[in-house]
Every structure is written in C-alpha cells, then in structure tokens.
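Reviewing the structure listed below.
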Amino acid sequence: MDTHLLAAALPALGWAAHTSLLTHRLTTARRDPLTGLHTRDGFTTRADRITRRHPDAAVLLVDLDDFKAVNDTHGHAAGDAVITATAHRLTRWTGAHGITARLGGDEFATALTSLTPTTGLAALREALHRPVAHHGRWIDTSASLGICHLTDLPAPTLTDALAAADAAMYADKGHGRRNNH
Numbered sequence: 002m003d004t005h006l007l008a009a010a011l012p013a014l015g016w017a018a019h020t021s022l023l024t025h026r027l028t029t030a031r032r033d034p035l036t037g038l039h040t041r042d043g044f045t046t047r048a049d050r051i052t053r054r055h056p057d058a059a060v061l062l063v064d065l066d067d068f069k070a071v072n073d074t075h076g077h078a079a080g081d082a083v084i085t086a087t088a089h090r091l092t093r094w095t096g097a098h099g100i101t102a103r104l105g106g107d108e109f110a111t112a113l114t115s116l117t118p119t120t121g122l123a124a125l126r127e128a129l130h131r132p133v134a135h136h137g138r139w140i141d142t143s144a145s146l147g148i149c150h151l152t153d154l155p156a157p158t159l160t161d162a163l164a165a166a167d168a169a170m171y172a173d174k175g176h177g178r179r180n181n182h
C-alpha cells in the first residue's frame, strides 16, 4: 500500500472511530440506564415532533405514589424493580403509538399520537396498580396520572401540554393514593 495513501487514510479512520464513539455516548446519554427508556432530552425531541405532527396528540405524566416508602421498607433493589416494571408496563401500553420516557426518579412521561377510549387508559391505570414481584415478595404499587389532550389547549405546544399534564397529575394525587381507580 502506498504510504501517502495510508497517511491520508489514518486521519479518516480516526475521525470515523471518534464519530462512532460520540454517537454511542450521545445515544446512551439519552437513555436511562435502569429502564432503557429515553431520558428527558430524548423524550423532549421526539415528543415535540409528535405534538407538532398530530393535532390530536396527548401527553401523559405518571408519578409513583409513596415511592420513597418502597425504598425505605424494601430497599433500593426493590425500588429499582418497581421502576423497571413501571417502565415495562408503560412501554407495552404505549406500543408504537408514541414514546415513553423516564424523566427522573419515579416520574415518567408518554406522548401519544392520539389518546382515544380504545387506548385503554383504565387498563393502564390497572396495570400501574398491580403489585410487583421482587425476591419472592409482592410490593404494592400505585401511580398518579395526569393527561393533557392537545385539543384542550389554546396553544398546543409540548411545554403547555406537559404543564397541564403535571397539574392534572397532582390533582390525581390529591384524590387519594391507591384509591384513584
């Protein structure tokens, strides 16, 4: 091989390897290591696209009730099991109709292309209230939900939808934990 060609190819190979590494780091930075779900940054990018393209889109926020008590009573590994189960249940419910993310701690978000009665919001609520198995024990779980339909907003933006869903979620918490289904 010509040494001039090799000298020219080496920087290109170096840049290709560097680009691949940066792409991998960016991808993993946008994924939650425990659940594999998108993080807030990854969610915001994709959810914004959904809300701009689908006028009947909906945003859903989920917050686990009494999650600190799970960690305090059963340990952090049990808390991780509850977080992972919640992520799985939300992902299965969302399917190919949107994106689900773990925003942090015990808070999750979903942006759906539409939220209809056939989407089964009652089924989601029931799934999120099922106990989670961990080391031969059952851990009771419950979650508060906040939903915002873009059609209910004067300015249908992701920011406004998240704010409205957050307010609805806290109103749901106010109706009594473990009793809101």
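In this text, residue positions in the sequence shown follow the working numbering: the first is 2, and each later residue adds one. For glycine and all other residues, C-beta sits at the position ideal for the given N, C-alpha and C. Note that this is a predicted model, so its numbers are computed, not measured.
Residue i versus residue j: straight-line alpha-carbon distance, rounded
i    : j    : result
H136 : L129 : 19 angstroms
S143 : R53  : 31 angstroms
A78  : R126 : 24 angstroms
T152 : P56  : 7 angstroms
I161 : D49  : In the sequence under discussion, the amino acid at residue 161 is Asp, which differs from the Ile named in the question. One C-alpha to the other measures close to 11 angstroms.
A71  : T85  : First, the residue type needs correcting, since residue 71 is Val and not Ala in the sequence shown. Taking the straight line from one Cα to the other gives about 13 angstroms.
H150 : T40  : 22 angstroms
G76  : D141 : 14 angstroms
L159 : A97  : 19 angstroms
DSSP bridge partner residues for residue i (one or two, in chain order)
i    : result
H75  : Answer is none; H75 lacks a bridge partner.
I84  : Answer is none; I84 lacks a bridge partner.
T111 : L61, T101
Classification of residue i by the beta-carbon crowding that lies within 10 angstroms, buried from 16 upward
i    : result
R131 : exposed
D73  : exposed
L163 : buried
A82  : buried
R103 : buried
L183 : Residue 183 lies beyond the range of the chain shown here (2 to 182); nothing can be said about it.
A156 : exposed
T4   : exposed
T87  : buried
G175 : exposed
Residues near residue i in its chain [Cβ-Cβ closer than 7 angstroms; skip 5 each side]
i   : result
L91 : V63, T101, F109, T111
Other residues of its chain near residue i: CB distance less than 8 angstroms, five sequence neighbours each side excluded
i    : result
A124 : W94
D167 : L62, G147
I51  : A58, G99, I100, A112, L113, T114
Enclosing alpha helix (DSSP H) for residue i [first to last residue]
i    : result
R41  : 41-54
D161 : 159-175
I156 : The identity of residue 156 in the sequence shown is Ala, whereas the question assumes Ile. No alpha helix (DSSP H) holds A156; DSSP gives it neither H nor E.
L65  : Element bounds for L65: not the alpha helix (DSSP H) but the beta strand (DSSP E), 59-65.
R138 : Per DSSP, R138 belongs to no alpha helix (DSSP H); it is in the beta strand (DSSP E), 138-140.
L129 : 122-129
Close-in-space but distant-in-sequence residues of the same chain around residue i (CB under 6 angstroms, 5 per side omitted)
i    : result
L65  : D107, A144
Y171 : none
G80  : V71, N72
Residue-level contact to chain C via CB, residue i, 9 angstroms cutoff
i    : result
G147 : No chain C appears in this structure, which consists of one protein chain only.
Start-to-end residues for the beta strand (DSSP E) that takes in residue i
i    : result
L104 : 99-105
L38  : Element bounds for L38: n/a, residue is neither H nor E.
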